[in-house]
Amino acid sequence: MGQKSVCVYCGSRSGTDPAFAENAEQLGLGLAEAGYRLVYGAGDVGLMGVVARAAQAAGGETFGVIPQHLVEWEVGKVDLTSYVVTETMHERKKVMFMNCHAVVVMPGGAGSLDELFEVLTWRQLGLHEKPVFLMNTNGYWTPLMDLLKHVVESGFADASLLGYVTEVADADGALAGLKKALG
């Protein structure tokens, strides 16, 4: 089978913890070294820029997807292997997800949460079986995992929901999970 692609959802900001950017760099480097193509939001800012530059520096393939209205705001990174400009955010998310074999969610804001919940909902509805890894760098996503457990405990989702997300501590954990899931 051809090259595997990993969609990375992450912040267009770097966050306050230096470990976020360090893990983004490690992930980008590790994806390239493993021969995975990076699929991401095509920004050259925040963690998005860090993961893409690291993958490029290691000779990895990069596939960026950005909606027209964010080209200036997120500073569209046009030196990628593939660069796609969409009309809407919905199109962006669809193109990113349809062009990957697995998802890694790094620390991020509302956009990353939106992306995560969309693929989580699709999985719950049986629309895909792609692995989703939540990179819980220094406990960033712990409150989210607690919320998902609360949703299940309160009867709003089956316990299987918790199995649709694999929590990993860092880039090494994500890369190990990807290798196990994708080869």
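The numbering used here numbers the first residue of the sequence shown as 906 and each following residue consecutively.
Beta carbons are placed, not taken as given, at the ideal position from N, Cα and C, and that holds for glycine.
Model, not experiment: these values are computed from the prediction.
- The beta-bridge partner set that DSSP reports for glutamate 1072 consists of Leu1039.
- Separation of asparagine 1043 and glutamate 930 (C-alpha to C-alpha, rounded to the nearest whole angstrom) is 16 Å.
- In this structure, proline 972 places its C-beta atom within 8 Å of the C-beta atom of glutamate 996.
- Spatial neighbours of glutamate 938 in its own chain (CB-CB distance under 7 Å, excluding positions within 5 residues in sequence) are listed in chain order as Ala963.
- Relative to valine 955, the option among Arg1028, Gly1014, Asp922 and Asn928 whose CA is nearest is Asn928.
- Residue pairing by DSSP places tyrosine 914 opposite Val1010 in a beta bridge.
- Beyond the five residues adjoining it in sequence on each side, leucine 1039 comes within less than 6 Å, by CB distance, of Val1010, Trp1046, Val1070 and Glu1072 in the same chain, given in chain order.
- Counted as a single uninterrupted DSSP element, the beta strand (DSSP E) harbouring phenylalanine 968 occupies residues 967-972.
- The C-beta of lysine 982 has 16 or more other C-beta atoms within 10 Å across all chains shown, which makes the residue buried.
- Membership of leucine 943 in any alpha helix (DSSP H) is not indicated; the residue belongs instead to the beta strand (DSSP E) covering 942-945.
- Looking at the DSSP output, tyrosine 988 bridges to Gly969.
- Under the DSSP definition of a beta bridge, glycine 948 partners with Gly981.
- Taken through DSSP and simplified to helix, strand or coil, tryptophan 1027 comes out as helix.
- By the 16-neighbour rule on beta-carbons within 10 angstroms, methionine 1003 is exposed.
- A Cβ-Cβ separation of about 10 Å leaves tyrosine 945 out of contact with serine 910 under the 8 Å criterion.
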